[in-house]
Amino acid sequence: MNRMTVGEKIFTVFNYIFMIVLVFVTVYPVYYVLIASLSSGNAVSMGKVIFTVKEFTFEAYRQIFRTKNLLSSYGNTVFYSVFGTLASMIFTTMAAFALSVRDLPFKKSLTLLFVFTMWFSPGMMPTYLNIRNLHLLDTRTSIILHGLVLTWYLILMRSFFESIPNEMNESAKIDGANEFILFKDIYLPLSGAAIATIGLYYFVLRWNSYFWAMLLLTDEKKIPLQVVLKKLIVDMNVNFSEATNIDYTVTSRETSIFATIMISVIPMLVIYPFIQKYFVKGIMIGAVKG
């Protein structure tokens with residue numbers, strides 16, 4: 369058994385210290401939001417909450433669930449995230465499959481058209497006017513269609529498809545398979561890691577999105593949770609209690625915000641462990657081929 373040299377020991381100790389600090393910096397903000405949401409408003413305001421819960425109470429959560437349109441906004445966020453991600457993955461995988469075909473006519477030109485949108489975005493006003501002219505303002509469809517396909521994820525998916533041996537295509541075509549069967553029965557089953565990873569990216573992006581929902585939606589029954597959270601944070605210095613139905617005599621604005629944040633991040637914390645096994649493999653998509 370080889371013993372470590374002094375330099376290797378120092379390097380190992382440094383790595384452990386660095387990783388501990390990195391984990392602390394990453395985890396502590398979430399931990400603080402959790403313990404602050406379970407503490408009294410006075411304790412949080414006075415800075416007593418640092419590492420443990422002070423004056424334990426669920427009052428912030430009870431008040432948050434009295435917020436106007438909270439439950440409906442939560443349901444809207446789930447709807448936009450699930451169906452938006454599903455739609456994005458359908459169009460992304462289909463476009464990526466088409467661009468991965470080796471003998472596709474005008475393949476480079478078509479790829480350039482997609483990549484062009486990464487370099488030159490149309491901007492906020494043209495996008496808004498386009499949605500308005502399509503009569504999609506204040507509709508759930510506008511939220512799902514906006515950002516339907518992101519070019520970077522499309523390129524990653526295409527790179528993964530291109531890594532699948534071409535011999536499989538040729539064998540399947542000899543057996544009479546068409547392009548749809550190739551896509552459905554060969555490419556998709558072999559792309560579980562890529563689909564799970566890119567699907568997670570889309571889901572997180574849609575779950576956290578609020579800006580375009582704030583611009584496109586006027587009906588409060590259609591707004592997502594992030595818009596409600598934005599109102600709580602931005603308008604915390606305004607008398608917002610009447611609009612939210614929160615009684616700030618039994619809790620504080622800070623604890624209410626922390627409780628809302630915890631409610632909004634719980635799905636991410638629940639979903640991630642189930643797809644973690646795919647994440648490490650999927651994150652390497654395109655690392656070898658671009």
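Just add 368 to the spot in the sequence shown (first one is 1) and you have the working numbering. Cβ atoms here follow ideal geometry from the backbone N, Cα and C, with glycine treated the same way. Note that this is a predicted model, so its numbers are computed, not measured.
Beta-carbon proximity check, residue i vs residue j, cutoff 7 Å
i, j, result
"Ser-489", "Thr-623", "no"
"Thr-453", "Phe-482", "no"
"Phe-465", "Tyr-555", "yes"
"Val-393", "Ser-407", "no"
"Leu-516", "Ser-510", "no"
"Ser-413", "Ser-620", "yes"
"Phe-571", "Ser-449", "yes"
"Met-486", "Gly-567", "no"
"Ile-403", "Val-417", "yes"
"Ile-512", "Phe-451", "yes"
Best match in the options for proximity to residue i [C-alpha to C-alpha]
i, options, result
"Ile-523", "Ala-562, Ile-512, Ile-542 and His-514", "Ala-562"
"His-514", "Leu-573, Asn-546, Leu-478 and Val-417", "Leu-573"
"Phe-642", "Asn-576, Gly-560 and Lys-541", "Gly-560"
"Tyr-442", "Lys-422, Leu-597 and Pro-533", "Leu-597"
"Met-462", "Phe-551, Ala-540 and Asn-576", "Phe-551"
"Leu-593", "Phe-548, Ala-627, Thr-565 and Val-393", "Ala-627"
"Trp-580", "Gly-491, Ala-411 and Gly-409", "Gly-491"
"Tyr-521", "Thr-460, Ala-564 and Phe-386", "Thr-460"
"Leu-637", "Ile-388, Trp-575 and Phe-433", "Trp-575"
"Lys-589", "Met-387, Tyr-569 and Leu-438", "Leu-438"
"Tyr-569", "Gly-409, Val-401, Met-525 and Met-486", "Met-525"
"Thr-435", "Tyr-399, Val-595, Ile-639 and Thr-507", "Val-595"
"Tyr-640", "Ile-591, Ile-625, Ala-564 and Ser-577", "Ala-564"
"Tyr-399", "Phe-433, Phe-419, Pro-557 and Asp-543", "Phe-419"
"Ser-577", "Asn-444, Val-374, Arg-371 and Pro-533", "Asn-444"
Q | Cβ contact (3+ pairs, closer than 8 Å) linking the segment 577-588 and the segment 491-508 | A | Counting Cβ pairs under 8 Å, three or more are found: they touch.
Q. Per the contact definition of three or more C-beta pairs closer than 8 Å, is the segment 427-444 in contact with the segment 625-632?
A. Yes, they touch.
Q.
For the structure I just gave you, are there three or more beta carbon pairs, one from the segment 369-380 and one from the segment 594-602, closer than 8 Å?
A. Contact fails: fewer than three Cβ-Cβ distances are below 8 Å.
Q) Between the segment 525-540 and the segment 460-477, do at least 3 Cβ pairs fall closer than 8 Å? A) Cβ pair count under 8 Å is three or more, so yes.
Q.
Threshold first: 3 residues or longer. Then list the beta strand (DSSP E) segments lying entirely within the segment 561-590, N to C.
A. Correct list: empty.
Q.
At 4 residues or longer, what runs of the alpha helix (DSSP H) sit wholly inside the segment 517-559?
A. Counting whole runs of 4 or more residues, the segment 517-559 contains the alpha helix (DSSP H) stretches 519-530 and 534-542.
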